[in-house]
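Asker: Sending over a structure as structure tokens; questions will come in a sec.
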Amino acid sequence: MDKIKNIVWILTDSQHFEAAGYMNNKAVQTPNLDNLAEKSKTFTNAYCQAPICVPSRESFITGRYPSDLGILHNKHGHASSAETLGHKFQKAGFKTCFSGKSHFIADNLLFSEHDMNRGFERYADWDDYLHYLREKFFFSSFDKSKVHEKCYQGDPRNLEYIEGEVNRCINMYAKENSGILEDEYTVERCAYERASDWLDQNHEDPFFLFYSLYRPHAPLFVPEDVEGPSLDDLPKLDWSEQDLASTPSLRQRIAFMNSNEDAYNANLDLAIKYSEDQDLSKEPGRKKEINSYNSFRLDYYRSVNYIDRYVGEIMDKLKALSRDKDTMVVFTSDHGDMLGEHGLNLKMCFYDASVKVPLLIHIPGQWENSELDDRPVMQLDLVPTIAKQFNIETENNLPGIDLVNDSYGHDRPIYSEMVSSFGADVAQYGYENHVRMVKTDKWKYFAKAFGSDELYDLTQDPKENNNLGQNLEYESICNKMKILIDQNLGQFKVDDIKIVG
Numbered sequence: 123m124d125k126i127k128n129i130v131w132i133l134t135d136s137q138h139f140e141a142a143g144y145m146n147n148k149a150v151q152t153p154n155l156d157n158l159a160e161k162s163k164t165f166t167n168a169y170c171q172a173p174i175c176v177p178s179r180e181s182f183i184t185g186r187y188p189s190d191l192g193i194l195h196n197k198h199g200h201a202s203s204a205e206t207l208g209h210k211f212q213k214a215g216f217k218t219c220f221s222g223k224s225h226f227i228a229d230n231l232l233f234s235e236h237d238m239n240r241g242f243e244r245y246a247d248w249d250d251y252l253h254y255l256r257e258k259f260f261f262s263s264f265d266k267s268k269v270h271e272k273c274y275q276g277d278p279r280n281l282e283y284i285e286g287e288v289n290r291c292i293n294m295y296a297k298e299n300s301g302i303l304e305d306e307y308t309v310e311r312c313a314y315e316r317a318s319d320w321l322d323q324n325h326e327d328p329f330f331l332f333y334s335l336y337r338p339h340a341p342l343f344v345p346e347d348v349e350g351p352s353l354d355d356l357p358k359l360d361w362s363e364q365d366l367a368s369t370p371s372l373r374q375r376i377a378f379m380n381s382n383e384d385a386y387n388a389n390l391d392l393a394i395k396y397s398e399d400q401d402l403s404k405e406p407g408r409k410k411e412i413n414s415y416n417s418f419r420l421d422y423y424r425s426v427n428y429i430d431r432y433v434g435e436i437m438d439k440l441k442a443l444s445r446d447k448d449t450m451v452v453f454t455s456d457h458g459d460m461l462g463e464h465g466l467n468l469k470m471c472f473y474d475a476s477v478k479v480p481l482l483i484h485i486p487g488q489w490e491n492s493e494l495d496d497r498p499v500m501q502l503d504l505v506p507t508i509a510k511q512f513n514i515e516t517e518n519n520l521p522g523i524d525l526v527n528d529s530y531g532h533d534r535p536i537y538s539e540m541v542s543s544f545g546a547d548v549a550q551y552g553y554e555n556h557v558r559m560v561k562t563d564k565w566k567y568f569a570k571a572f573g574s575d576e577l578y579d580l581t582q583d584p585k586e587n588n589n590l591g592q593n594l595e596y597e598s599i600c601n602k603m604k605i606l607i608d609q610n611l612g613q614f615k616v617d618d619i620k621i622v623g
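The opening position of the sequence shown corresponds to residue 123 in my numbering, with each subsequent residue numbered one higher.
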């Protein structure tokens, strides 16, 4: 324990748990992640506590369930007063820095009403990225007067506006440039430069660096020199129209998120019949930015290859500063991506592709050799695990465990939750849309998935294709799983949400 002085937490956005070379995925080339895995413990059954950005991030940085924080949605939520890992390290005398995409805070909240920095002394996120683009003379796509008025002069400043302005400008620029975004203009480059400069100034003191990369979240624009897979390299999708017959709520759930049931049903039918030479973008009602699942997956894996470059950059920086031998490194993602499984892309559901995440932990003197651990863990375990390594006190009522010192087995229950609407006003929908999940070694259960429970026998059906939740033979199992959920997850109600603006 005496060998550890510092910590770097590396985060990606929307990275499928198998989207890495160390997971034997031929579709990606991730030499830097593979190298980190060679000197880390790899947790192959790690789960986020919400398969959507804001509640997941606020959960793992505080060590609490999203419902305890009043945040289950990107659009609306409390201004959380919970202490973060950043606060804890700063109180303990560490230099602290956040660099990259934050998205800890619901879009309805204003900077002036929130602890925007979440405990970090140096906080370089979306607002800083706009400054970075100004430095790069990246003005061709900006409405400069609006950006200046909204983002640089006074309060209130709305988070949704700033992120929206960034995405709008980047999308416009890349489309004008044949879908190419030069390396110098990416969030990843900005995050690295800010982190690198900060390390130059602070590496001689104990430090906590949270290094957050934007990709493989869409838009999937990356520099031209980044190589990607061929169609033959893509993992095979294993689902069929017959599998969907047991999940009638599946179409409802995603139709609801798209606010267009007829269009979604048509899209799902098309996806089932999809062939590699079919251009789905021409089909009526199709709401996809990318032409097909395979086109999306090709660009997605290129984005994974790109973020690996910046994993390597920060690891090389630690070595150049002689901090690689005394720095704990954590690598994970805020949630996964469906990548065509079950006919879906993106996130916001409890199938493994969406709710399961990559997790590597390197601890000098303890976990510094390649080791696989298939026991189930939750991302909220990271706060007690990390804090213990640095003798930092945590609250007694945190639900997570210390993955280094605490005893646990394969039968440990795992939980996740969300409000199942997205891109719409949560206040319209109410408690019925608080969807909750529990997973044990044998079963995975979703409660209130649009009023229709889902239950999967993971020993017989690891791909989660055969929903047993509507089968009376399994009613007692569903009831037992529901009791587990009620005992461990709060009941989130719309009245709990603070609506601002």
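Cβ atoms here follow ideal geometry from the backbone N, Cα and C, with glycine treated the same way. For clarity, every value in this text was computed on a predicted model and none was experimentally measured.
What residue range does the beta strand (DSSP E) around D448 cover?
Answerer: Premise fails: D448 is in no beta strand (DSSP E) and is neither H nor E.
Asker: For K210, which of helix, strand or coil comes out of DSSP?
Answerer: If DSSP states are grouped into helix, strand and coil, K210 belongs with the helices.
Asker: So, at 7 Å on beta carbons, what are the nonlocal neighbours of T324 in its own chain, with the 5 sequence-adjacent residues on each side left out?
Answerer: Checking the sequence, you will find Asn at residue 324 rather than Thr. So the qualifying residues of the chain are K217.
Asker: Out of A317, K127 and T134, state which residue places its alpha-carbon closest to the alpha-carbon of V426.
Answerer: Cα-wise, what sits closest to V426 is T134.
Asker: Taking C-beta to C-beta, are G215 and G241 nearer than 8 Å?
Answerer: Contact flag unset, no.
Asker: Relative to the C-alpha of A204, which candidate in N154, F568 and Y187 has its C-alpha closest?
Answerer: Among N154, F568 and Y187, the Cα nearest to that of A204 is on Y187.
Asker: Report buried or exposed for Y307, applying the criterion of at least 16 other Cβ atoms within 10 angstroms of its Cβ.
Answerer: When all chains shown are included, Y307 counts as buried.
Asker: For the beta strand (DSSP E) containing W131, name the first residue and the last one.
Answerer: Unbroken beta strand (DSSP E) run through W131: N128 to T134.
Asker: With distances taken from CA atoms, which of I605, L594, I132 and D533 is nearest L331?
Answerer: Selected option, being the one with the closest Cα: I132.
Asker: Helix, strand or coil for R477, going by three-state DSSP, please let me know.
Answerer: Residue 477 is actually Val in this sequence, not Arg. Helix, per DSSP.
Asker: From this set, D319, V505 and S455, which residue's C-alpha is nearest L443's C-alpha?
Answerer: That would be D319, whose Cα lies nearest to the Cα of L443.
Asker: Note down, one range per segment and in chain order, each alpha helix (DSSP H) of at least 4 residues found wholly within the segment 462-514.
Answerer: The qualifying runs are 474-477 and 504-511.
Asker: When the distance is taken between beta carbons, is V479 closer than 8 Å to Y169?
Answerer: Yes. Within cutoff.
Asker: Out of curiosity, what's the CA-to-CA distance linking V452 and S334?
Answerer: Their Cα atoms are separated by approximately 11 Å.
Asker: Skipping 5 residues on each side, what residues in its chain have a beta carbon closer than 6 Å to that of I183?
Answerer: T206 and L207.
Asker: Under 8 Å, with one C-beta from each stretch per pair, do the segment 163-177 and the segment 470-490 reach the 3-pair mark?
Answerer: Output reads yes: the segment 470-490 touches the segment 163-177.
Asker: Decide if L353 is buried, meaning its Cβ has at least 16 other Cβ atoms within 10 Å, or exposed.
Answerer: So L353 counts as exposed.
Asker: For the putative contact between Q137 and S492, defined by C-beta atoms under 8 Å, what is the C-beta separation to the nearest angstrom?
Answerer: Not quite, the Cβ-Cβ distance comes to about 20 Å (not below 8 Å), so this is no contact.
Asker: Tell me whether T454 sits in a helix, a strand or coil according to DSSP, three-state version.
Answerer: Three-state result, T454: strand.
Asker: Buried or exposed: Y432, going by 16 or more other Cβ atoms within 10 Å of its Cβ?
Answerer: Burial call: buried.
Asker: Just curious, the alpha helix (DSSP H) that R316 is in, first and last residue?
Answerer: Its alpha helix (DSSP H) spans residues V309 to N324.
Asker: Express the C-alpha separation of K602 and S574 in angstroms, rounding to a whole number.
Answerer: Going by the C-alpha atoms only, they are around 16 Å apart.
Asker: Have a look at D495, L494 and N519 and flag the residue whose alpha-carbon is nearest the alpha-carbon of P506.
Answerer: Of the candidates D495, L494 and N519, the one whose C-alpha sits nearest the C-alpha of P506 is N519.
Asker: Out of H556, G591 and V557, which one is the CA nearest neighbour of W565?
Answerer: When only C-alpha atoms are compared, the closest one is G591.
Asker: Go to R644, then tell me how far its alpha helix (DSSP H) extends in each direction, as first and last residue.
Answerer: Because the chain is modelled from 123 through 623, residue 644 falls outside the range shown and cannot be assessed.
Asker: Classify Y494: buried if its beta carbon has 16 or more other beta carbons within 10 angstroms, exposed otherwise.
Answerer: Looking at the sequence provided, one finds Leu at residue 494 rather than Tyr. Counting Cβ neighbours within 10 Å, L494 comes out exposed, since fewer than 16 surround it.
Asker: Using 10 angstroms around the beta-carbon of K538, count the other beta-carbons present and answer buried if the total reaches 16, otherwise exposed.
Answerer: The sequence given here has Ser at residue 538, not Lys. It is buried - the Cβ of S538 has at least 16 other Cβ atoms within 10 Å.
Asker: Mapping the DSSP letters down to three states, classify E576 as helix, strand or coil.
Answerer: In this structure, E576 counts as strand in the three-state DSSP scheme.
Asker: Cβ-heavy atom distance between Y187 and the ligand ZN below 7 Å?
Answerer: Because no ligand of any kind appears in the structure shown, any question about the ligand ZN cannot be addressed here.
Asker: Can you list, in chain order, the residues of its chain whose CB lies under 6 Å from that of E160, leaving out five sequence neighbours each side?
Answerer: Here the set comprises S492.
Asker: Take the Cβ of E595 as the centre, count every other Cβ of all protein chains shown within 10 Å, and call the residue buried at 16 or more, exposed below.
Answerer: Exposed, because fewer than 16 other Cβ atoms sit within 10 Å of the Cβ of E595.
Asker: Rounding to the nearest angstrom, what Cα-Cα distance links D618 and N157 in this structure?
Answerer: Residue confidence for D618 is low, a pLDDT of 45 falling below 50, so the modelled location carries little weight and cannot support an answer.
Asker: Of all Cβ atoms in chain B, is any one closer than 8 Å to the Cβ of N167?
Answerer: Checking the listed chains, one finds no chain B in this structure; it contains a single protein chain.
Asker: So which of G531, Q511 and K469 has the shortest CA-CA distance to P625?
Answerer: In this structure the chain extends from 123 to 623, so residue 625 is not present and cannot be described.
Asker: Which stretch, first to last residue, makes up the alpha helix (DSSP H) that contains S162?
Answerer: Careful: S162 lies outside any alpha helix (DSSP H) and carries neither H nor E.
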